[in-house]
Structures are given as structure tokens and as C-alpha cells.
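Position in the sequence shown (from 1) plus 1 gives the number in this note's numbering.
Ideal placement from N, C-alpha and C gives every residue a C-beta, glycine not left out.
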Amino acid sequence: DDFSAVSEFHIGGRKATIDLGNMAQLSAGDKVLDVGSGLGGPARTLVEKFAVRVEGIDLTHEFCLVANELTRITGFSDRAVFSQGNALSLTGDSDHYDVVWTQQSCMNIEDKRRMLSEAYRVLKPSGTFIFQEVFAGDREGTIRLPVPWARKSEMSFLWPAEAIRNSILEAGFIEDIWKNVTTQYLEEYRVTAEKTRDSMQSSTLGVHLLLGNEAKLMRKNVVDNLSKGLISVYQGVFKK
Numbered sequence: 002d003d004f005s006a007v008s009e010f011h012i013g014g015r016k017a018t019i020d021l022g023n024m025a026q027l028s029a030g031d032k033v034l035d036v037g038s039g040l041g042g043p044a045r046t047l048v049e050k051f052a053v054r055v056e057g058i059d060l061t062h063e064f065c066l067v068a069n070e071l072t073r074i075t076g077f078s079d080r081a082v083f084s085q086g087n088a089l090s091l092t093g094d095s096d097h098y099d100v101v102w103t104q105q106s107c108m109n110i111e112d113k114r115r116m117l118s119e120a121y122r123v124l125k126p127s128g129t130f131i132f133q134e135v136f137a138g139d140r141e142g143t144i145r146l147p148v149p150w151a152r153k154s155e156m157s158f159l160w161p162a163e164a165i166r167n168s169i170l171e172a173g174f175i176e177d178i179w180k181n182v183t184t185q186y187l188e189e190y191r192v193t194a195e196k197t198r199d200s201m202q203s204s205t206l207g208v209h210l211l212l213g214n215e216a217k218l219m220r221k222n223v224v225d226n227l228s229k230g231l232i233s234v235y236q237g238v239f240k241k
């Protein structure tokens, strides 16, 4: 995906998406629901690398419009489509998807139990729930803001990792993989943060086009928060 610099700006980038796909053991033809699909970068990577079909939903209508256009340009529009939707009230039928996928899209969701309940509902029996998400870290303290998902504290809802893990199990899922990847991706993300441009005037395609003049500061704050143990990054694979 030539647009991955702007559409896969999560921690670990495109490599993390591929790592997750391998962890989930995706199969050609799997029907994937990408919750919080943004500009569609991960979805296009999954289509390209694993030959799956993806439906992406995002609260932001404009993101869906751009995602569909980028997907058309890259030639994947027959296998990935994006529409406005709410993780707390999924429109899909019950027992419909092989995979529900979230990649750093739940930090702004306060009612995580309802989100998990909806993910469980739309998954087929034996379906896979897979995620990479930012959680609270092991150390207490206030995270440094702004960050890519929140400019103000009232926009960020980071739960402790074990609280999330317990909620996933309480929703009915069976744990397959639970992995702290903070250290794995920290140094790589540190380099990415240092290269991030601030200027909206830059002609280079990058995350500054989405995050604006605070893009570099946001990424530096993520590195600082990770380094101090105030936030953590986990990947997980759970079965219905």
C-alpha cells in the first residue's frame, strides 16, 4: 500500500498489521470486520497479504470516503469496503464474520464491555477476535498529551491490561494469544517519531496530513509514555 505512511500510523505500522494477520492465521476468503478502520491501511494490507475480504467501519464519515477512494486507487475495492458505523451498535447480522479486527481504535471507547459484546455477537462460532490496542501501563500517573488518539484527557479511556483481558473473557471469548509487545515496537516507533514532520506545508505524504502541526509532538509523547510505563501495547487473539 503506497499510502501506508498516512493510513497505517499505528505503533508498529504495516509490519504490526502483518504480524497480527499471521497470529490470527487468516485464510483466503475470510470475512473480516475491521472496527475503527480509519483510512483503510490495515484492511488493504490484509487483502493484499492474506486474500481476505474486509468490511471496515469508522465513526468518521470522511475517513470512510477517503478509505474507499484509496482502496479504489490501489485496486482492492472489490475486496474491501468502508462505511460509517459504531462499534457499540454494529449493523452486521449475528454469527456473520470469520474475524473481528481492531487495531488501536478502542482507546476512545469508554464502554468497552459493550464493544466486546457486539464483537462477540457478530462473530461466527469459532470465529476470531484479534486486536492490537494501547492500554494503561504498569506505572500510575497522568499520560503526556496530546497523543494521536486524544488531545485532551476526557477523550482517552485507557484500561489496565488485566481489566481488558478479564472483560474479554467475561464476554465469552476463549484466550489463544495474549502478548505484551511494548518493547518489541518501542525503538522502531521512536525512530518513526523522530522522522515525523510537523509542517502541514510539507509535500511529503505522511501522518502530519491527519494529525496536523502536532503530529511530531503527539508521537514523541507516545514514546515518552511508553518509555515511562504509563501506557502499554498488547496484541491478542481470542476465539468465540
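{"Item": "What are the boundary residues of the beta strand (DSSP E) that includes threonine 129?", "Value": "124-137"}
{"Item": "Using DSSP with H/G/I as helix, E/B as strand and the rest coil, what is phenylalanine 64?", "Value": "helix"}
{"Item": "For histidine 11, does the count of other Cβ atoms within 10 angstroms reach 16, so buried, or fall short, so exposed?", "Value": "buried"}
{"Item": "Quick check: glycine 138 and serine 228, are their CB atoms within less than 7 Å of each other?", "Value": "no"}
{"Item": "Measuring only the C-alpha atoms, how far is serine 157 from threonine 143?", "Value": "11 Å"}
{"Item": "Taking 7 Å as the threshold (C-beta atoms), are alanine 162 and methionine 116 in contact?", "Value": "no"}
{"Item": "Does the Cβ-Cβ distance between glutamine 85 and glutamine 104 come in under 7 Å?", "Value": "no"}
{"Item": "When burial is assigned at 16 or more other CB atoms within 10 Å of the CB, is isoleucine 169 buried or exposed?", "Value": "buried"}
{"Item": "How far does the beta strand (DSSP E) with serine 84 in it extend, from its first residue to its last?", "Value": "81-85"}
{"Item": "In the structure shown, what three-state DSSP assignment does alanine 44 receive?", "Value": "helix"}
{"Item": "For glutamate 119, count the other beta carbons within 10 Å of its own beta carbon; 16 or more makes it buried, fewer makes it exposed. Which is it?", "Value": "buried"}
{"Item": "For leucine 125, tell me which candidate among Lys113, Asp96 and Arg145 has the shortest Cα-Cα distance.", "Value": "Residue 125 is actually lysine in this sequence, not leucine. Of the listed residues, the one whose Cα sits closest to lysine 125 is Asp96."}
{"Item": "Glycine 93 to threonine 18, Cα distance in whole Å?", "Value": "23 Å"}
{"Item": "If I measure Cβ to Cβ from proline 147 and keep anything under 7 Å in the same chain, skipping five residues before and after, which residues do I get?", "Value": "Glu215, Leu218, Met219 and Asn222"}
{"Item": "Let me check understanding here. Comparing Cα to Cα, which of Ser127, Ala164 and Lys240 lies closest to lysine 113?", "Value": "Ala164"}
{"Item": "Could you please give me the residues that DSSP links to tryptophan 179 through a beta bridge?", "Value": "Gly237"}
{"Item": "By DSSP, does alanine 151 sit in helix, in strand, or in coil?", "Value": "strand"}
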